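As structure tokens, the structure follows; a few thoughts come after it.
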DNA sequence: GGACGGTGAAACTTCAGGTTGCCTC
DNA sequence: GAAGTTTCACCGTCC
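What follows is the structure in structure tokens.
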């Protein structure tokens with residue numbers, strides 16, 4: 002078991018502390034830069050050990066890694082070669098290196114790396130693996146690295162204990178602090194480890210000792226208290242037939258940790274009632290037998306959406322209780338059942354239903370209108386923020402696409418107007434992605450790092466899939482093709498014209514575009530193209546595979562390597 | 001006199017992380 | 001709240 006040695010290092014940046022020497026309990030750290038976190042990292046390298054430095058922003062993680070790497074010189078030729086190879090791998094992880102890739106590659110060439118959610122997953126894995134191999138000595142990271150990773154870090158240097166939140170800068174939770182400390186001295190790698198928190202002044206030092214080192218971890222609160230979570234689970238319980246009456250539903254919640262913590266069951270019941278009303282209004286559930294039963298004006302065609310009682314009710318249909326809530330039967334409609342299966346917040350699903358109804362009555366809808374529809378959901382948050390300098394640009398796009406939008410534009414004075422504008426900007430970013438703009442362009446224009454981009458893209462893909470499922474249930478056949486095409490374009494980041502070529506294995510956005518620009522626009526074009534042309538465009542191996550995929554196996558036939566002089570191989574820079 | 005570059009102050013911007021579906025177009 | 005980035009005004013130099 003590891004022993005945590007928890008120490009404090011005073012930050013000498015503060016003027017009042019300047020006269021004081023940097024001190025750590027039982028340790029002397031050589032002052033090189035005056036930045037405690039950096040000096041500690043350098044000291045760790047001097048001990049031939051490894052460390053993680055935890056900071057509160059992605060930018061901070063990058064700068065910290067850069068600052069440490071600037072102080073290092075790799076003298077051993079063999080080590081330099083190993084790091085150069087690694088650095089090259091980091092640089093070429095994407096089709097085209099971004100500024101972030103170059104920054105990471107530079108740091109890695111000195112054995113230092115940064116790690117945060119903005120990194121591409123390939124780079125993140127490479128960083129973690131190289132730290133385990135001992136090639137990387139220091140990782141400067143945000144809290145991504147604090148959760149559950151088993152790394153051979155002798156030290157966890159916690160530089161920042163504050164983070165920007167909903168109410169400005171605030172202290173990180175004690176639980177998170179403990180998670181960070183727990184990264185040091187893992188049993189597999191060290192007999193003990195050191196967790197070091199950096200304080201900027203005496204007051205902060207005392208606060209860290211009392212709040213974090215001697216403080217107790219926070220209580221855990223049930224997430225059911227959050228309305229989106231509650232309505233999702235109420236629908237889910239009904240749709241999965243886990244409950245079929247109001248009484249069963251309330252009984253279920255009365256036994257949850259939420260009820261235990263909240264105490265006041267009558268208020269909880271009131272909240273559940275509100276959610277039931279909402280779900281009924283949305284036509285995701287049917288409520289029967291309630292004393293104040295509402296008359297919902299449903300069209301005859303819509304009634305076919307409901308699952309029959311025998312389909313959805315659990316065996317309690319013969320329940321003879323006299324209790325009024327027990328008599329109130331809850332059944333999910335087909336639509337409600339699917340919404341629950343898709344794990345969507347009912348509010349999001351209802352927003353989609355409204356938008357898709359609007360879309361189905363239109364002659365034509367654009368990709369942008371669907372992208373804005375999914376961008377305006379809770380699931381897509383946090384959205385890209387519209388800066389003051391970008392306001393005109395977003396407004397211009399809005400004017401241009403106004404007729405295409407599927408939701409109503411809120412008034413500029415409404416509370417959610419800013420979020421609406423943000424949804425337009427987020428949709429603009431997706432729109433540029435499917436217009437074949439690459440990661441570097443999107444990083445420059447929208448300040449979205451590759452890792453965040455791919456997270457947002459997979460979110461958009463999920464929401465578009467959910468929209469497709471809802472459109473299918475609503476019989477909006479016309480929209481199904483648009484949605485499915487858009488999902489494909491989001492996945493690959495391509496214009497519509499490349500969709501056919503992407504069906505060929507080993508052909509992604511880059512190769513498809515090369516083929517298209519050379520006049521090879523579809524499967525027939527690939528069949529008709531001679532192997533030499535394909536080899537010049539894609540390289541020999543891929544050309545053979547592509548030919549094989551369209552039914553022509555050249556594998557055993559002799560073929561001339563049609564590579565032009567100076568042509569690159571099938572690397573990422575093609 | 002105008003273009004250009006350097007400098008510093010002021011204004012502005014940004015700030016962690018990442019479940020859930022299905023496999024088809 | 002703080003750090004980093006962008007913008008802008010001002011000044012000096014050069015042609």
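In the working numbering, the protein residues as written are 2 to 575.
Beta carbons: idealized from backbone N, C-alpha and C, even for Gly.
Source: prediction; values computed, not measured.
Sequence-distant Cβ neighbours of residue 140 in its own chain, meaning closer than 6 Å and more than five residues away, are 53, 114, 116, 132. If the five residues before and after residue 92 are omitted, its C-beta is found closer than 7 Å to the C-beta atoms of 98, 102, 103, 106, all from its own chain and listed in chain order. With a 10 Å radius around the Cβ and a threshold of 16 neighbouring Cβ atoms, residue 368 comes out buried. Shown here, residue 273 sits in a helix according to DSSP, grouped into three states. Its Cα nearest to that of residue 499, the residue 523 stands out among 483, 476, 523. Taking a C-beta distance under 9 Å as the contact criterion, residue 205 and residue 331 do not qualify as a contact pair.
Taking the Cα of residue 185 as reference, the smallest distance to any Cα among 61, 420, 84, 50 is reached at 50. Check the Cα spacing between residue 179 and each of 169, 152, 189, 215: the tightest is with 215. Going by DSSP, residue 330 is part of the beta strand (DSSP E) stretching over 330-333. At the C-beta level, residue 163 and residue 118 stay beyond 9 Å of one another.
The shortest CA-to-CA distance from residue 238 to any of 341, 437, 271, 407 is the one to 341.
Under the three-pair Cβ rule at 8 Å, the stretch 416-436 does not count as touching the stretch 66-74. Within the DSSP secondary-structure output, residue 406 pairs in no beta bridge.
Residue state for residue 141 is assigned as strand, using DSSP reduced to three classes. Our two residues, residue 287 and residue 250, have alpha carbons roughly 14 Å apart in a direct line. Looking at the DSSP output, residue 172 bridges to 163. For residue 199, the enclosing beta strand (DSSP E) has its first and last residue at 194-200. Inclusion of residue 401 and residue 427 in the CB contact set at 9 Å is not warranted, their separation being larger than that value. For residue 377, no beta strand (DSSP E) segment is defined, and its DSSP state is neither H nor E. Collapsing the DSSP output to three states places residue 244 in coil.
By the Cβ criterion, the stretch 345-358 is not in contact with the stretch 257-268, since fewer than three pairs of Cβ atoms, one from each stretch, lie closer than 8 Å. In the DSSP assignment, residue 116 is bridged to 142.
Under DSSP, residue 431 shares a beta bridge with no residue.
Put simply, the stretch 79-88 does not touch the stretch 496-513. Fewer than three CB pairs are less than 8 Å apart. Within the same chain, 422 come within 8 Å of residue 392 by CB-CB distance, once the 5 residues on both sides are set aside. The Cβ neighbour count for residue 32, taken over all protein chains shown within 10 Å, is under 16; the residue is labelled exposed.
Three or more Cβ pairs closer than 8 Å define a contact, and the stretch 469-482 falls short of that threshold against the stretch 507-515. In this structure residue 289 is exposed. Its beta-carbon is surrounded by fewer than 16 other beta-carbon atoms within 10 angstroms. Excluding the 5 residues flanking it on each side, residue 371 has same chain C-beta neighbours closer than 6 Å at 487, in chain order. Put simply, the stretch 193-207 does not touch the stretch 228-236. Fewer than three CB pairs are less than 8 Å apart.
DSSP places residue 503 in no beta strand (DSSP E); its state is neither H nor E. In the three-state reduction of the DSSP assignment, residue 527 falls in the helix class, which pools H, G and I. Residue 53 has 140, 157 as its beta-bridge partners, per DSSP.
Pairing residue 464 with residue 375 gives a Cβ-Cβ distance under 9 Å. The C-alpha of residue 485 lies about 18 Å from the C-alpha of residue 437.
Assignment of residue 235 by DSSP, reduced to helix, strand and coil, places it in the helix class.
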